[in-house]
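Here's the structure we're looking at; comments come further down.
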């Protein structure tokens with residue numbers, strides 16, 4: 008909750024709240040994985056998409072379309088069964104200790120796994136979690 012509010016404050020200090028439809032900011036923060044750079048990028052790309060469609064606010068449809076694009080980016084890094092198995096393991100354990108160095112490096116390069124609190128806790132990026140759920144690998 009505290010981290011969520013910090014990210015919300017970051018956004019609200021940089022843009023007017025009325026530039027997003029209700030619930031878009033919350034979903035954007037959730038899908039950013041708590042990464043400020045990813046949050047700002049997602050807002051920027053979603054806003055461009057909304058402007059191109061003639062909207063005066065970032066709407067949920069524009070955000071969802073941008074999340075699909077990000078999903079495609081992640082899919083470029085999830086190419087082996089070992090990747091899927093490792094991601095499920097990280098999701099369950101919140102740790103990367105048991106991953107092979109090669110798989111760990113590949114998933115980190117693709118930003119599929121996210122480090123929190125200087126490596127105290129790891130997790131799977133929320134967009135990747137959705138990919139795994141869509142494939143039936145997570146509930």
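Numbering (my numbering), first residue to last: 8 to 146.
We treat Cβ as the ideally placed atom computed from N, Cα and C, and that holds for glycine.
Linking residue 97 to residue 133 through their CA atoms gives a straight-line distance of about 12 Å. Distance from the Cα of residue 73 is smallest, within the candidate group 127, 100, 8, 45, for 45. 139 is the residue among 139, 146, 31 whose C-alpha sits nearest the C-alpha of residue 91.
The C-beta distance from residue 31 to residue 65 rounds to 5 Å, short enough to fall under 8 Å. With 16 or more other Cβ atoms from the protein chains shown falling within 10 Å of its own Cβ, residue 119 counts as buried. For residue 26 and residue 60, the gap between their C-alpha atoms comes out near 15 Å. A direct Cα-Cα distance of roughly 37 Å separates residue 125 from residue 58. Annotation: the continuous alpha helix (DSSP H) that includes residue 68 extends over 67-82. CA-to-CA, the gap between residue 12 and residue 18 works out to about 10 Å.
Here residue 122 carries a strand assignment [DSSP, helix/strand/coil]. Around the beta carbon of residue 107, fewer than 16 other beta carbons sit within 10 angstroms, so the residue counts as exposed.
DSSP places residue 56 in the helix class (H, G or I) of the three-state scheme.
In terms of Cα proximity to residue 54, the closest of 114, 14, 68, 144 is 68. In the DSSP assignment, residue 111 is bridged to no other residue.
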